[in-house]
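Accompanying notes for the structure given below.
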Amino acid sequence: MSYAELFCQSNFSFLTGASRPEELVKQADFLGYSAIAITDECSLAGIVRAHAYIRDHKLKIKLIVGSLLKSNNIELVALCPCQLAYTELCRVISNARQRTEKGQYQLSEWDIMSLKHVLLLWLPKGNSQDVQSLQWLCKYHQNRIWIGYRRNLSAKDVHYFTHCVKLSKAYQIPICAVGGVLMHCSSRLALQHTLTAIRQNRVISEIPEKMISNSESALRSISKLNKLFSPTFLEESVNIAKRCVFNLDSLHYQYPQELVPKGFTPMAYLRALVEKGKQVRFPDGVPPEIEAIIDKELALIEALDYPFFFITIHDIVMYAKQHQILYQGRGSAANSVVCYCLEITAVDPRQVGVLFERFISKERNEPPDIDVDFEHQRREEVIQYIYKKYGRKRAALAATVITYRLKSAMRDVGKALGIEMAQIEYFIKHLNRRDKGLNWQAQLVELGLELNSLKGQHFIQLVNDIMGFPRHLSQHVGGFVISESPLHELVPVENAAMPDRTIIQWDKDDLEILKLLKVDILALGMLSAIRKCFGYIAAHTKRNLDLAQLTRMQDDPLVYKMLQKGDSVGVFQVESRAQMSMLPRLKPANYYDLVIQIAIVRPGPIQGDMVHPFLKRRDGEEQVTYPSEAVKSVLERTMGVPIFQEQVIKLAMVAAGFTGGEADSLRRAMASWKKTGELMQFKEKLIRGMLARGYEAQFAERIFEQICGFGEYGFPESHSASFAVLAYASAWLKYYYPTMFYTALLNSLPMGFYSASQLLQDASRHKVSILPICVNQSDYEHQVVQEPRQASFAIRLGLRLIKGLSEEEALQLLQCRPQEGFGKIVQLQQAGITNSTIEKLISADALHHFVDSRYAARWSLADQSKALPLFSNIEEKGLQYCHFSATEFENLQEDYNSTKVSLRTHPIKQLEQAKLICRTVKANELLYRPHKSLVTVIGLVTGKQAPGTAKGVTFFTLEDETGNINVIVWSGTARAQKQAYMGAQLLEIKGIVEKEGEVVHVIAGRLIDRSELLAAMTIKARAFH
Amino acid sequence: MWLYLYFPMLQLEGMTKQTVSGDFVTPVVIIDGRKNQIVQLNDAAQQRGIKIGMGLGTACALCTQLHVLPYDDLLERQQLLEIANTLYQVSADIVIDEPNGLVLKVDSMLSLYHDLPSYWQVISEQLAQLGKSYYYGMGESTIMAKLLAREHCNALMLTPCQKRHYLGKIGLTRTSLDSRVIELLARTGVKNVAQLEQFALSELAKRFDTELVYYVGCLFGKLKETLNYYQPAETFELTAPLLYEVEVMAWLEKPIEHLLSRLALFLQQRNLVTRTLYFTLALRDKEALEITLNSAEPEYKAANWQRLLNLKLESITLDAPVQSVSLKVDALEAQHATIKDLFSTQQSAMSAQGLRAILCAKLGEQAVQYLQLTGDPRPEKASTYSHEPHFTTLKSKLRPTILFPKPQPLCERVNIISGPERIASGWWDGEPVQRDYFIVQNEQAQRLWVFREQNNHWYIHGVFS
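In the order they appear, the protein sequences are chains A and B.
So the working numbering is basically just the index in the first sequence, starting at one, shifted up by 60.
So the working numbering is basically just the index in the second sequence, starting at one, shifted up by 1.
As structure tokens, then:
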């Protein structure tokens, strides 16, 4: 006797199902079921995973697509026998989901009535209302309806059985056996109970009545089912399964046709677009070798049938271009000459030496990937364009599955087990996830979790089990799915948390598995900054620049010289502290060096221990060797060290004999490594494959380690190549037009690594003059202004820096500003500016032209009697009646409070002038100190970073008036001087200078917390953890 | 003039005195959970670098063996009242400033104690006996005195110059002013209390709201503060000395009757009721015998108390002659009329609560419990006892009328009527079961509830009626 399970909920029925879809199909296949339906509640979110598992593992079991639908008094399992039924089900789920807010659904009677093709298993409730429900269902679904009979060994089994049989006889409806499965095996019962408690927001032991009372909701063996159900019931389930022939692989989706003009085939149109693009990109004619590449690329696009994809993206970027929104494409397919011609990217192929095949290939069997970054402040315009052009029915965002991570798992499981919340928070706060030596379980025990207690054991077990379980769906950062026909015929669409946003129920992996393409519309702050910078340059120097032009001008040695010094504040991707200290070592001198620089200073390569070998080989200190020619072909361009994600995948193929499909699964596993630990399953195959091909075991082990290192943070070459263009462009702008560059950065905040204050400090170190906010001179934005009586430019700080001042307030002020400027506070009041606005201006010291001090101005403003019309012309007596004058320090503090920047004397300098601290070694003097010499430095703590890649080390960034001081604190030092290490805002460090070329660090020996000197200073250290 | 006493460590000192004797070496902190801030700490904790106002996380990181106690304002208040009560013996006008300060009005007491030093001597002697650490300050207003005390001023009379020096150190954030007002003041350069003195009230009134004007006025004694003075709590305490020693319980009836009627009068006059009476029977050559009498409903009538007492006394035997009887009542409540439904038909002589009170009096509090369903699938745990009534609406299951406390092995031939019902649950409390339950009929036509365990052993667990 065989069996088909037709009612089975996975963990995508959030907080109900206790097994992953993959586990369910695997177990059902093992038990010899002929088919299994994954029927999550009003959702198809888990179905693709089950499908992929069956496909990847070549299981015999058949997957049926279905869903559990619940309305007020009817519960149904809807199964899809054919594609028509599938479309229907997607539509009904979409409708039910979109009626309510995110995460909920509401099924209407009409939804059920309108189902014409799906097969329905009705689940009787066992009460008197059932007769009525069944009569109603029979009216619309004759011949497609069954009674789904569950037997889970509860006290009511007998009654329920007779009830079902009676209904079946009375209405001539066949009965089929169903499991009502919630878990793949009975050992998941505790987890299922925990999920239930989390859903109810209660403690498990408090609500036993809400729990299932046994583990019969697991997949059961066929022999057991034979004892529980009559053969006819079991046979019926198999018969139903036989009727279901729909397979997810048959889903195809059509790109919007309207983009292709009449009379063109898509491919012909793409060729025409490329032809047109050639003239723009290569005004002097296309070099023959490039022409050949274009032909090859087009042939590949045609062979893989992707022309629509390129046309769609071309259309979107053309919209951006018309509206002067700066953009840049990246991703596996982006760095092709075709994309260059279509103006999707600005990477000049002559400079990069692109090999399109490196990015897209037949045998790797992966869909092309193009992400397009837009200016972060204007991305919404592009999104709205897509919605307007295709309508909300045809365009939606991909989902992101939010899953349980360690912290959320500990919180929820702890609550369900009734552990004190304070204790859980204590655990969470003190777990060091970077501690590789001690896993979290052991750390919990160290923190006082009773391992011998039952609760402690349950806690660890359940937290472990629940990790990676989906919690809810959220919207992907920018992955759009666009189609010719309404999307809800392809996949259910539901509401996102943001109003007017809809998401599909599949995430990017699901889309990839089904070979459905998505277009990533992402936001990038640097693009805003670069576009603004181009604008300022055009306005002040009449020079018109764009990205393509910058790359076409070829590498500029002066720009690279600046980068080699580590002078990269504000430069895209290489401005972080780690990048900065690597720049003088790597010394990038051309575009491809930058591509490597961006990819190498990442946790992936650092954890995989690839940086030092690369540096040594580059400096000629170590010989470049390859174990084989095949490996050489993959690693040659990076000196035999794998740096990019693509190289690792390629290695698996050439060195371990992975097929294209396997390599693809490996790539997906790498992306989700942290979530599921899927990578381990590849280890044996990889190592065995490499050994078989004559590689040493040590080499194989190292490659696997590197794959693990890449897992989470791996950076593909294709992305790095696009980013390097922006990095170069921003460095170029910084070098040649610093005033415009810093102004553009300031106007694009928040973005990047540095605060306005840090950017301004850096600007003034580059001799850029900065003019304060002034009610009579400033605009809302920061401006580039010609300095009076000089040819040079300066930054005039804008009103946008002022805390709490809205754009409207600022614009109102600018509108009523007289030609000659304001001269008195009363004038502002008379012009209709509210007191609260004036107060903000005072705080920012924007009235410094005509007011003695902030205190005096406020005292005068506070006098309410002056607001009366009778007194309004009386001279501002209050200005003379000033009690207290502010110290320079108080002024500085107010500057920071109101604008987070100050052009006054740096606090360290002030402290020094006030003789509160002694003169110590300054940031800019460190370079001239001998290596290993003892120094004392003091500075504001502006950064504190304990990266996972550097074990036991914390990096402090201290700021004084001359620059930043990089301090390294070893964990031993930190532990011994915990107080200073943890809380200090102003830190004095006695330590040793360590120099490596132009990289200077201070290795801390003693930390002295001097924060008390700052007392009221409110500069918060930006802590990066 | 006002004297302010500030007790910074009331709870910590109160607790350590109770629990640990001798020197305290483990670092202890008291944390205010709402703000996650440390509010009190002992020397050992201080030595580890922990400071008041720190978060628990930081503190724990600084010291791993930290003993953490939650802040308890009730306890603080109790301690404070205790101090007030003691000082009330020597100083008349006391204002309680919860949770940790007392203000004493000095002027009125000077006529009694002649001069300030002798007054202070009396006060400080009292405080020394209590053994609490404190700071003090004196000023022309309670606010001034408080600010100075909290500044750890510890001086009685200050010269104006000294006073300005102290006030200059006190930031406005330490006052009770609204943070908004403090912010406004700071923005015109006013950052400490001394600066406030320079303003004419009219200048302030033009620019700020009345709260500040009132505060500044009071602070410098220009306006009068409204104060509530401490009144010792009213409790009923009465001892009935006996003319002769009593050896038989029954002979105590009369004096007790007298006590109860006096209590009834006391309560009636104040329109109060109580739930608990404490009797103390002083015995010859023995420790006093304490009898606590509880009523479920608040009560004042002597007769009702008498009835409860009689029941209680039945179970008590005297092993020494009684010398005196005293009655103490401290938890008093206002009397509320109990509403009786005019139309309720069943006029039982006793309410359920009344019955419970009588049973409790007779059998003891612990012996009377309510039965309650839990919803646990394990039959043994499906119901439980609780001291509080609890009403659940759980669905009924088919369960036998009589459930054996312990399952008995099945040793007879039976026919299965229905089943199995599988119960596999209870992993969370360490008593998991996995059983298949059946309803069976034995040869005597009794319907039994039996189960089979995983090891195939059969047991009877109950009988259906």
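Glycine is no exception: its CB is placed at the ideal position from the N, C-alpha and C atoms.
On a predicted model such as this, the values are computed, not experimentally measured, just so you know.
Report the three-state DSSP secondary structure of E672 of chain A (helix, strand or coil). This sequence places His at residue 672 of chain A; Glu is not what is there. H672 of chain A falls in the helix class under three-state DSSP.
Min CB distance G169 of chain B to chain A below 8 angstroms: no
Residue burial classification, D669 of chain A (beta-carbon count within 10 angstroms, cutoff 16): exposed
Taking the straight line between their C-alpha atoms, what separation do you get for K969 of chain A and T1022 of chain A? 10 angstroms
Following the continuous beta strand (DSSP E) through L584 of chain A, name the residue where it begins and the one where it ends. V579 to L584
Exposure label - P343 of chain A; buried when at least 16 CB within 10 Å: exposed
Within-8 angstroms CB hit, P118 of chain B to chain A: no
I'd like the ranges of any alpha helix (DSSP H) spanning at least 4 consecutive residues and lying wholly in the stretch 824-899 of chain A. 867-875 and 885-890
For chain B, find out if any of its Cβ atoms is closer than 8 angstroms to the Cβ of D923 of chain A; answer yes or no. yes
Could you pull out every unbroken alpha helix (DSSP H) segment of at least 4 residues lying fully inside the stretch 592-637 of chain A, listed in chain order? 607-612 and 617-624
Three-state class that DSSP yields for G700 of chain A in the structure shown: coil
Terminal residues of the beta strand (DSSP E) in which Y386 of chain B lies: S384 to S387
Any beta carbon from chain B within less than 8 angstroms of Y652 of chain A's own beta carbon? no
Could you pull the start and end residues of the alpha helix (DSSP H) that C401 of chain A belongs to? V397 to C401
CB contact check: V218 of chain A to chain B, cutoff 8 angstroms: yes
Spatial distance of L185 of chain B from Y279 of chain B (CA atoms): 56 angstroms
Express the C-alpha separation of F368 of chain A and I404 of chain A in angstroms, rounding to a whole number. 14 angstroms
Tell me the rounded alpha-carbon separation between Q66 of chain B and L57 of chain B. 13 angstroms
Assigned exposure category for T463 of chain A - 16 Cβ within 10 Å defines buried: buried
Would you mind working out which of A:I660, A:R728, A:K625 and A:Y652 sits nearest L643 of chain A, comparing C-alpha positions? A:K625
Which of helix, strand or coil DSSP assigns to N1024 of chain A: strand
Would you mind giving the Cβ-Cβ distance between L139 of chain A and I124 of chain A, rounded to the nearest angstrom? I have them listed as a contact below 8 angstroms. 6 angstroms
Just checking, does the stretch 399-415 of chain B make contact with the stretch 439-453 of chain B on the three C-beta pairs under 8 angstroms criterion? yes
Are the CB atoms of L75 of chain B and I31 of chain B within a distance shorter than 8 angstroms? no
If you draw a straight line from the alpha carbon of F931 of chain A to that of L921 of chain A, how long is it in whole angstroms? In this predicted model, F931 of chain A has a pLDDT of only 49, less than 50, meaning its place in the structure is not dependable enough to derive any value.
Could you give the residue range of the beta strand (DSSP E) that holds Y438 of chain B? V434 to N443
Between R423 of chain B and chain A, is any beta-carbon pair separated by less than 8 angstroms? yes
Does any heavy atom of the ligand HEM sit closer than 7 angstroms to the C-beta of A406 of chain A? The ligand HEM is absent from the structure shown, which contains no ligands of any kind.
Partner residues on chain A for T375 of chain B, Cβ-Cβ distance less than 7 angstroms: P268
Which residues in the same chain have their Cβ closer than 8 angstroms to the Cβ of N101 of chain B, if we skip the five residues on either side of it in sequence? Y7, F8, P9, L11, E77 and L81
Should the stretch 268-287 of chain B be called in touch with the stretch 354-374 of chain B, which here means at least 3 C-beta pairs below 8 angstroms? no
Skipping 5 residues on each side, what residues in its chain have a beta carbon closer than 6 angstroms to that of E335 of chain A? none
Is it buried or exposed, V785 of chain A, if we count other Cβ atoms within 10 angstroms and call 16 or more buried? buried
Give me the residue from A:Q633, A:A906 and A:K992 with the minimum Cα distance to N951 of chain A. A:A906
For R35 of chain B, count neighbouring C-beta atoms within 10 Å of its own C-beta (all shown protein chains included) and say buried if the count is 16 or more, exposed if not. exposed
Selection of the stretch 58-71 of chain B by Cβ proximity to chain A, strictly under 8 angstroms: G58, T59, C61, A62 and L63
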